[in-house]
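Colleague: Take a look at the following structure, please.
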Amino acid sequence: ISGIIVKNQTIAQCAFLNGMTGNVNDGIFGLAYSSLTKDGEKPVFYNMWSQGLISEAIFSSYFNP
């Protein structure tokens with residue numbers, strides 16, 4: 327993703343989760359469904375595709391054992 331500039335992208339930070347004490351929470355930036363975002367914001371991966379910054383709406387990941 328290096329060198330890609332996504333226009334009009336919303337980014338949020340969570341500093342406190344009420345009722346989630348003791349749980350570890352994380353996620354992969356931009357890979358959620360739009361229906362899971364607050365106020366229907368578009369995830370960065372969707373915006374990259376809709377702005378023509380990536381050629382296909384697919385991704386892969388590799389986890390080193």
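If you count by our numbering, then the sequence shown holds residues 327 to 391, one letter each, in order.
From the three backbone atoms N, C-alpha and C, an ideal C-beta is built for every residue, glycine too.
#1: On the DSSP letters alone, give me the boundaries of the alpha helix (DSSP H) that Y372 sits inside.
#2: By Cβ distance below 8 Å, which residues in the same chain neighbour S360 in space, the five residues on each side in sequence not counted?
#3: Does the distance from the CB of L379 to the CB of I337 come in under 9 Å?
#4: When you compare only the Cα positions, how much space is there between Q335 and F389?
#5: Closest by CA to S328, which one among I384, M374, A383, P391?
Modeller: With the structure as the only source:
#1: 370-376
#2: G366, E367, K368, P369, Y372
#3: no
#4: 27 Å
#5: M374
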